[in-house]
Amino acid sequence: MVAGVAALLLRGVKEDAPRAVTLPGVLREEAGTRLAVGTAVRDEPLREERGYRTVLARQFSSVTPENAMKWAVLEPERGKLDWSAADRLVDFAVEHGQAVRGHTLVWYSQNPAWVEGLKGAQLRQAVREHIRTVVGRYRRKVAVWDVVNEPFEDDGTRRKSVFQRELGDGWAEDALRTARTADAQAKLYINEIGAEAPGPKADAYFALAQDLLARGVPLDGVGFQAHFSESGVPDGFRENLERFAALGLDVAITEADVALEEPADAAALRLQARVYEEVARTCLAIERCVSLTVWGFTDRFSWIPETQPGRGEATLLDERLGPKRAFREVLRVLEGR
Ligand code: 9MR
């Protein structure tokens with residue numbers, strides 16, 4: 005017994021890591037083949053927490069590396085690639101029959117310093133090589149790629165980034181075409197934050213999708229992150245997704261969570277459950293909505309408290325991996341589909 009505990013500690017398992025509790029149902033089973041139910045995954049608990057791994061394997065049919073495939077993580081120094089965290093997740097997914105959403109190839113954030121310093125043609129070459137290398141490595145293992153992430157500002161203009169500055173609007177198209185040369189089968193997506201409801205950003209996003217399709221650029225789907233809060237699901241969410249689906253594209257909810265002011269009381273948790281429910285219902289109502297991914301599945305690991313002090317409790321399970329009302333609601337929606 006004592007030796008067992010010591011062995012766990014030696015392997016780096018946190019003493020206070022929760023065990024997986026029995027949850028009242030299995031999301032991936034209820035969703036069946038209708039849609040993938042996914043989550044963002046962190047490397048640290050994937051390595052260190054058995055309870056986290058157990059819930060991850062059992063509940064979800066799709067996984068997204070929360071950070072492990074970002075350029076700064078993969079290649080902090082030019083030419084020195086570190087695949088360890090990304091490989092760990094891909095191996096886990098293969099072992100548990102899960103799809104992988106590769107996230108993300110070209111994004112304004114989390115780039116290595118050396119990329120931020122490149123100019124013009126050199127940057128174009130580096131981006132192409134990055135995409136070919138990463139997509140090529142995971143061919144047949146990563147089913148879906150967020151090739152282009154968050155290309156717009158809230159006002160619908162192109163987001164300022166090294167790519168936009170050095171390469172102009174064409175970087176998104178170039179990224180998609182390059183990804184297609186590296187993997188003929190993977191579903192290629194653009195993914196956006198805050199474009200859930202009609203408005204300048206969603207309209208610019210729609211115009212981009214239309215334009216790419218009209219010019220024969222390889223594009224299979226559009227992602228809507230769905231980072232929501234107690235203010236609820238914005239009006240027009242469903243209609244907005246439907247117009248993209250009507251273009252012949254798959255749509256996906258890629259990063260759903262519902263941030264609350266801490267500590268959240270029972271009323272806030274009820275409200276949160278309703279928001280999750282509506283997100284799930286919206287996806288099910290749209291035939292082309294092929295996946296519903298949450299941005300972390302336990303309040304123990306979520307970007308919200310780390311970036312929005314005083315807010316949190318945004319996920320389906322509490323810090324001990326116990327079910328919140330939101331989990332039961334999503335389960336109920338999937339059961340009744
Ligand atoms: O959840 C991610 C967090 O751990 C990182 O620190 C952060 C870095 O910017 O990125 C977070 O994930 C983002 C995702 O990759 C793209 N959409 C917005 C997500 C939340 O910021």
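Start counting the sequence shown at 5; every next residue gets the next number (the working numbering).
Each residue gets a CB set at the ideal place from its N, CA and C atoms; glycine is no exception.
Own chain, CB closer than 7 Å to residue i, minus 5 neighbours either side, in chain order
i      : result
Arg-15 : With a pLDDT of 43 at Arg-15, under the threshold of 50, the modelled position of that residue is not reliable, and no figure is offered here.
Val-41 : Leu-31, Arg-32, Ala-35, Phe-64, Ser-65, Ser-66 and Leu-296
Trp-75 : Gln-114, Asn-115, Pro-116, Val-119 and His-134
Own chain, CB closer than 6 Å to residue i, minus 5 neighbours either side, in chain order
i       : result
Glu-157 : Arg-163
Asp-303 : Glu-317, Thr-319, Asp-322 and Glu-323
Val-9   : For Val-9, the pLDDT reaches just 45, beneath the cut-off of 50, and the residue's location in the model is therefore unreliable, although a value from the coordinates is still provided. If we look at Val-9 and ignore the five residues flanking it on each side, it has no Cβ neighbours.
Glu-339 : Glu-34
Lys-145 : Val-94
Glu-53  : Ala-21
Ile-308 : Ala-263, Arg-315, Gly-316 and Ala-318
Leu-245 : Val-255 and Ile-290
Val-334 : Tyr-280 and Ala-284
Beta-ladder partner(s) of residue i, from DSSP
i       : result
Thr-43  : Val-67 and Val-298
Ala-147 : In DSSP, Ala-147 forms no bridge with anything.
Asn-195 : Asn-153 and Gly-227
Pro-327 : Leu-321
Arg-162 : Phe-156
Local conformation of residue i per DSSP, three classes
i       : result
His-231 : strand
His-107 : strand
Ala-10  : Model confidence at Ala-10 stands at a pLDDT of 45, short of 50, so the residue's coordinates are unreliable; what they give is reported in the following sentence. In this structure, Ala-10 counts as helix in the three-state DSSP scheme.
Lys-84  : strand
Leu-60  : helix
Pro-204 : helix
Thr-26  : coil
Ile-135 : helix
Ala-35  : helix
Leu-264 : strand
Glu-291 : coil
Arg-184 : helix
Ala-256 : strand
Contact test: residue i Cβ vs the ligand 9MR heavy atom, cutoff 7 Å
i       : result
Asn-115 : no
Ile-194 : no
Gln-312 : no
Glu-342 : The structure shown does not extend to residue 342, since the chain spans only 5 to 341, so no value can be given for it.
Trp-75  : no
Asn-244 : no
Ile-257 : no
Glu-133 : no
Glu-70  : yes
Trp-149 : no
Ile-290 : no
Gln-229 : yes
Chain-order list of residues whose beta-carbon lies under 8 Å from that of residue i (same chain, five-residue window excluded)
i       : result
Asp-159 : Pro-204 and Lys-205
Trp-87  : Leu-78 and Arg-141
Cβ-Cβ separation, residue j to residue i (assumed contact under 8 Å), whole Å
i       : j       : result
Asn-155 : Glu-200 : Before going on, a small fix: residue 155 reads as Pro here, not Asn. No, Pro-155 and Glu-200 are not in contact; Cβ-Cβ is about 16 Å, not under 8 Å.
Ala-44  : Gly-252 : About 27 Å separates the two Cβ atoms, so there is no contact after all.
Ile-194 : Ala-176 : 7 Å
Pro-202 : Gly-240 : 5 Å
Check: residue i C-beta below 7 Å from any heavy atom of the ligand HEM
i       : result
Thr-108 : With respect to small molecules bound, the structure shown includes the ligand 9MR and not the ligand HEM.
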